[in-house]
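*Asks:* Protein chains in written order, with the numbering used here: chain A, -13 to 357; chain B, -13 to 357. Glycine residues also receive a C-beta, built at the ideal position from the N, C-alpha and C atoms.
#1: Residues of chain B with CB under 8 angstroms from residue 295/A, in chain order?
#2: Taking only the alpha-carbon atoms, compute the straight-line gap between residue 297/A and residue 329/A and give it to the nearest angstrom.
#3: Can you tell which of 291/B, 129/B, 286/B has the C-alpha that lies nearest to the C-alpha of residue 82/B?
#4: Under 8 angstroms, Cβ to Cβ, is there at least one residue of chain A near residue 352/B?
#5: Taking Cβ positions only, does residue 155/B come closer than 8 angstroms to chain A?
#6: Here's the rule: buried if 16 or more other CB atoms are within 10 angstroms of the residue's CB, otherwise exposed. What is residue 54/A?
#7: Who are the neighbours of residue 225/B on chain C, taking C-beta pairs under 7 angstroms?
#8: Looking at the unbroken alpha helix (DSSP H) that takes in residue 348/B, where does it start and where does it end?
#9: Out of 269/B, 277/B, 302/B, 299/B, which one is the CA nearest neighbour of residue 286/B?
#10: Is residue 92/B close to chain A? Criterion is C-beta to C-beta, closer than 8 angstroms.
#11: Use the C-beta contact count for residue 281/B: other C-beta atoms within 10 angstroms, 16 or more gives buried, fewer gives exposed.
#12: Report the residue ranges of all alpha helix (DSSP H) runs contained in full by the stretch 74 to 118 of chain B; include only those spanning at least 4 residues, in chain order.
#13: Does the Cβ of residue 21/A have 16 or more other Cβ atoms within 10 Å, making it buried, or fewer, making it exposed?
#14: Tell me which same chain residues have a C-beta within less than 8 angstroms of the C-beta of residue 242/A, skipping the five on either side of it?
#15: DSSP three-state call for residue 194/B: helix, strand or coil?
#16: Answer yes or no: does any C-beta atom of chain A fall closer than 8 angstroms to that of residue 89/B?
#17: Verify whether the separation of the beta carbon atoms of residue 343/A and residue 267/A is less than 8 angstroms.
#18: Could you check which residue in 333/A, 93/A, 288/A, 351/A has the C-alpha nearest to that of residue 62/A?
#19: Helix, strand or coil: how does DSSP classify residue 336/A here?
#20: With the cut-off set at 8 angstroms, would you say residue 97/A and residue 76/A are in Cβ contact?
#21: Could you tell me if residue 237/A is buried or exposed, where buried requires 16 or more neighbouring beta carbons within 10 angstroms of its beta carbon?
#22: Can a CB atom of chain B be found closer than 8 angstroms to the CB of residue 16/A?
#23: Are the beta-carbon atoms of residue 41/A and residue 257/A separated by less than 8 angstroms?
#24: Work out the CA separation of residue 11/A and residue 23/A for me, nearest whole Å.
#25: My output table needs one value for residue 217/B: the three-state DSSP class, helix, strand or coil.
#26: Would you list the residues sitting across from residue 71/B in a DSSP beta bridge?
#27: Are the Cβ atoms of residue 100/A and residue 291/A separated by less than 8 angstroms?
#28: Residue range of the beta strand (DSSP E) that residue 41/A falls in?
#29: Could you give the residue range of the alpha helix (DSSP H) that holds residue 205/B?
#30: Go ahead and pull the three-state DSSP assignment for residue 210/A.
#31: Residues in the stretch 198 to 211 of chain B with C-beta within 8 angstroms of chain A's C-beta atoms, listed in sequence order?
#32: Using a Cβ cut-off of 8 angstroms, pull out every chain B residue sitting near residue 345/A, in sequence order please.
#33: Which one of 131/A, 84/A, 144/A, 136/A has the shortest CA to CA distance from residue 112/A?
#34: Residue 350/A to residue -1/A, Cα distance in whole Å?
#35: Roughly how many angstroms separate the alpha carbons of residue 154/B and residue 57/B, rounded to a whole number?
#36: So what's residue -13/A in DSSP terms, helix, strand or just coil?
Here is the structure:
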């Protein structure tokens, strides 16, 4: 039993992540290990840092990779920027905004919530009103692509409001990164984190993060120690940059190999081509799903192309049973709803390597047989 | 440049970790991804949990894997067991005891330090004296195998003192796990964490952890929220066990594949055979190194077999240059000293797959050419 071989059934991953990994990325994972302080590994980290800067479209010096999944990236941003008593505004329109509130409160921050129905986006007017109630927040946080609902948050106008108030703008880009336009410097984002297992199509387990100079200044001006040692950027940054490369923790060598390969693939395709591909395949998926009677949760102008949150066709009582059929009979994974949407919607991901016409055709063909 | 291929030079890993990974483990890393909530992945997690219990030699129900390296395992134990104002005793005889103090203080705990010269071990008399000063600590923490010095801490007698005082015993087993005798239930350890990249010979990035029922009770009786959301066991445990398998974060799927394979290899060999192999190869390495003029830092009775901390032969001025020669000319990595021992000692690891006569012969042959 225990020490039997594990040979998982090959799956077609069309849920909210992980997405299918490219064979080159899988192969990179199998590369023999080298030491995490080996000069060749240090060079690899430099290259990864540069490619993360390119894919975030930022010149931020403090750009690096947290050695843990996206949720740890979220916590990294919050624990480094918030101190007990700090005020912040957090916009909630799904699971991940709610998670930010939970973490910010654990930092001892005073959190002002801007709540929007799930599936919608936060408006500049809401942020303006919140700033009226809390005129000097340290930080305003938003989710760019809400993985629980498929909503894509417009950024530029809110960013201006936030910076006019003297606050830092923190953004969750877990599901948008490398799939839809995301421009860290142009949009003036001060702290951003993402994951590797969505539109980047690397295995889950790492979180690329970038801090603007203003965020670094806030970090340097802290009066208290960061409450997490593992995520303390005053320590981590000396491992990821600087002349000394001070040992902090042992980097997940194989995962960094895979990240390097996945980033290379993104840059070979070109970011704009990749955004366009996600949009093009989305249009095809949308017409097919709507033809089958699925209805989108999110209004068209705020819809993510890569994460399609849809109500099932009328007459389907048990969505879980249908998802299980897709998995068992066709090896296709799609996601169910979270929170209030559990049992009500599906989340169909076409992310990175899973974003092809072939994937859509497999799913649609299977649905026609199952429904 | 950035998007060039990364083909690292194959290395012989004989430093403090990572160690060489078995080809089966590397192959497991390249297995195509499945979803982190896929029924097959849930079964894999169950099997991993059971094998972690077997290798820790424990029946602890709360046994699981933190989705981040060993340092995050350390932080997991401390943030879950300590609350602001709690008193604890931390024994320091190297880098990692010091790190525990740093984290415990970030938890708001009142820390009583038991300091021992690096390279030595904490005595029961020291712990008894500390308990005299702090009669009702919540927790006493020790490092079983101090990676910075190669010292192996005897446990049983101290464990009795700790439990007689009504405290919990927390142990760092990063470098001892699967390499030297480690018996969680027999030694009455309440909270233990380890890493994957030492004697288990899996890639770095995960941290197996186990909590006794007494530790779980302390967790359940907390008055405050755990300060880290990502490491909060009241949430994580619902992902790793229980009927619901509540989504917490996306597990690092590929790394769990590799961990499953590495654990299988350990159990195929048998824990006792593995301990004996580390001891046997250590004896051979020791006689060879001493023949070349190396001297051990740690007294024989407290010496780890798998991490050999040695002073260089007389007359070698620049140890860094020699290590660099080993790496450049022979592709062999050995570790330098940390802290006060930087530039003074080497740390030669024979861990897991790197623990063979062939490894010793490669190193000793190279040393004879270089010195």
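*Replies:* In brief:
#1: Residue mapping note: residue 295/A aligns to position 309 of the first chain, counting from 1. Neighbours of residue 295/A across chain B, judged by C-beta separation under 8 angstroms, do not exist; the nearest C-beta is about 16 angstroms away.
#2: Mapped onto the first chain, residue 297/A falls at position 311. Mapped onto the first chain, residue 329/A falls at position 343. Going by the C-alpha atoms only, they are around 10 angstroms apart.
#3: Numbered from 1 along the second chain, position 96 holds the residue referred to as residue 82/B. Considering only alpha carbons, the answer is 129/B.
#4: What you label residue 352/B is simply residue 366 of the second chain in a count that begins at 1. Chain A, which has no Cβ nearer than 8 angstroms to the Cβ of residue 352/B, makes this no.
#5: Within the second chain, numbered from 1, the residue matching residue 155/B stands at position 169. Not an interface residue.
#6: Here residue 54/A refers to the residue found at position 68 of the first chain. When all chains shown are included, residue 54/A counts as buried.
#7: The structure shown contains no chain C; the protein chains it does contain are A and B.
#8: Walking along the second chain from the start, residue 348/B turns up at place 362. Per DSSP, residue 348/B belongs to the alpha helix (DSSP H) from 343 to 356.
#9: Taking the first residue of the second chain as 1, we reach residue 286/B at position 300. For the residues 269/B, 277/B, 302/B, 299/B, the minimum Cα distance to residue 286/B belongs to 269/B.
#10: Translated into positions along the second chain, residue 92/B becomes position 106. Taking Cβ atoms only, chain A reaches closer than 8 angstroms to residue 92/B, which makes this a yes.
#11: What you label residue 281/B is simply residue 295 of the second chain in a count that begins at 1. With fewer than 16 other Cβ atoms within 10 Å, it is exposed.
#12: 81 to 92
#13: On the first chain, residue 21/A is found 35 positions in, with the first residue counted as 1. It counts as buried.
#14: The residue you call residue 242/A lines up with position 256 of the first chain. Counting only Cβ-Cβ distances below 8 angstroms, and skipping sequence neighbours, we find 27, 30, 31, 34, 51, 192.
#15: Translated into positions along the second chain, residue 194/B becomes position 208. Residue 194/B falls in the strand class under three-state DSSP.
#16: Taking the first residue of the second chain as position 1, residue 89/B is located at position 103. Yes, residue 89/B counts as interfacial toward chain A.
#17: Residue 343/A sits at position 357 when you count from the first residue of the first chain. Residue 267/A sits at position 281 when you count from the first residue of the first chain. Yes.
#18: Walking along the first chain from the start, residue 62/A turns up at place 76. Considering only alpha carbons, the answer is 93/A.
#19: Residue numbering aside, residue 336/A sits at position 350 when the first chain is read from its first letter. Residue state, collapsed to three classes: coil.
#20: For the purposes of this step, residue 97/A is identified with residue 111 of the first chain, where counting begins at 1. For the purposes of this step, residue 76/A is identified with residue 90 of the first chain, where counting begins at 1. Their beta carbons are under 8 angstroms apart, which means residue 97/A touches residue 76/A by this criterion.
#21: In the first chain, the residue the question calls residue 237/A occupies position 251. Residue 237/A comes out buried.
#22: Taking the first chain and counting its residues from 1, the one referred to as residue 16/A is at position 30. Chain B contact via Cβ: present.
#23: Looking up residue 41/A in the first chain gives position 55. Looking up residue 257/A in the first chain gives position 271. Their beta carbons are under 8 angstroms apart, which means residue 41/A touches residue 257/A by this criterion.
#24: Along the first chain, read from residue 1 onward, the residue named residue 23/A stands at position 37. Along the first chain, read from residue 1 onward, the residue named residue 11/A stands at position 25. Whole-angstrom Cα-Cα distance: 22 angstroms.
#25: Here residue 217/B is taken as the residue at index 231 of the second chain, counted from 1. Three-state DSSP puts residue 217/B in coil, outside helix and strand.
#26: Residue 71/B sits at position 85 when you count from the first residue of the second chain. Residue 71/B is not bridged by DSSP to any residue.
#27: Here residue 100/A corresponds to residue number 114 of the first chain, with the count starting at 1. Here residue 291/A corresponds to residue number 305 of the first chain, with the count starting at 1. No, Cβ-Cβ distance for residue 100/A and residue 291/A is not below 8 angstroms.
#28: Indexing the first chain from 1 puts residue 41/A at position 55. Here residue 41/A belongs to no beta strand (DSSP E); instead the alpha helix (DSSP H) covers 25 to 42.
#29: Along the second chain, read from residue 1 onward, the residue named residue 205/B stands at position 219. Note, residue 205/B: alpha helix (DSSP H), 199 to 206.
#30: Reading the first chain from its first residue, position 224 is the one you call residue 210/A. The answer is coil: DSSP assigns residue 210/A none of H, G, I, E or B.
#31: 211
#32: Within the first chain, numbered from 1, the residue matching residue 345/A stands at position 359. Result: empty, since nearest Cβ-Cβ is about 14 angstroms, beyond 8 angstroms.
#33: As a first step, residue 112/A is located in the first chain; it is residue number 126 there, counting from the start. That would be 144/A, whose Cα lies nearest to the Cα of residue 112/A.
#34: The residue you call residue 350/A lines up with position 364 of the first chain. The residue you call residue -1/A lines up with position 13 of the first chain. Roughly 14 angstroms between the two C-alpha positions.
#35: In the second chain, the residue the question calls residue 154/B occupies position 168. In the second chain, the residue the question calls residue 57/B occupies position 71. Taking the straight line from one Cα to the other gives about 20 angstroms.
#36: In the first chain, counting from the first residue as 1, residue -13/A sits at position 1. Below a pLDDT of 50, predicted positions are generally treated as unreliable, and residue -13/A, at 41, falls in that range; no measurement from the model is reported.
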